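Visitor:
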Amino acid sequence: MSTHQSAYRKFNSTETALLRLYNDLLVTSDQGQVSGLCLLDLTAAFDTVDHDLLLQRFDNKFGVRDQAKEWFKSYLTGRSYCVIYGGGTSATVLVTCTVPQGSVLAPLLFILYTAELADVAAEYGVKLHAFADDTCTAILATCRRQ
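Residue numbers (our numbering): 24 to 169.
#1: Decide if A91 is buried, meaning its Cβ has at least 16 other Cβ atoms within 10 Å, or exposed.
#2: By a C-beta neighbour count over all protein chains shown, 10 Å radius and 16 as the cutoff for buried, is A141 buried or exposed?
#3: Secondary structure at A145, three-state DSSP: helix, strand or coil?
#4: Around the C-beta of L44, are 16 or more other C-beta atoms found within 10 angstroms, so that it is buried, or is it exposed?
#5: Label V122 either buried or exposed according to how many other C-beta atoms from any shown protein chain fall within 10 Å of its C-beta, with 16 as the threshold for buried.
#6: Going by the CB atoms, is the gap between A129 and F85 shorter than 8 Å?
#7: Going along the chain, which residues of its own chain have a beta-carbon closer than 6 Å to the beta-carbon of Y136, five neighbours each way excluded?
#8: What three-state label does DSSP hand K150 in the structure shown?
#9: Using CA atoms only, rank isn't needed, just tell me which of S113, N46, R88 and L117 is closest to A102.
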């Protein structure tokens, strides 16, 4: 798990994410540099997880293959939902994106899904801090002037 991830890690929280960001901004300012700050809040972030892309990342980035990958595939795929209200039932919809809500795996799957974001940020000299949960996903990024 990325060291830039502040949720679901022991001794890390929204407070540590904000303290790290604040510290990075102060250090940059003390060095006479200019910082830019980009805040990204993904509402219903767990609903954005594409199953096929997540399974590709399991294989390519984390080396999860064979039986373990098949277990995750069976866990994610074949899910559907419908709404029952007032004696009526809606059409059934096949779920192709999202992680099962309320599951203990949902946060971990989302963090694995977004793990490459830290790699891309580092490639461009951007320092990334992330906090993810069911209600809010915040990605805080600072970039120094070269």
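Positions of the beta carbon are idealized from the N, C-alpha and C atoms, including for glycine.
Quick caveat: nothing in here was measured; it's all calculated off a predicted structure.
Guide: Reading from the atomic positions:
#1: exposed
#2: buried
#3: helix
#4: Counting Cβ neighbours within 10 Å, L44 comes out buried, since at least 16 surround it.
#5: buried
#6: By the CB criterion at 8 Å, F85 and A129 fall outside the cutoff.
#7: Sequence-distant Cβ neighbours of Y136 in its own chain, meaning closer than 6 Å and more than five residues away, are V72 and L77.
#8: DSSP places K150 in strand when its eight states are reduced to three.
#9: Position check: residue 102 holds Arg in this sequence, whereas Ala was assumed. When only C-alpha atoms are compared, the closest one is L117.
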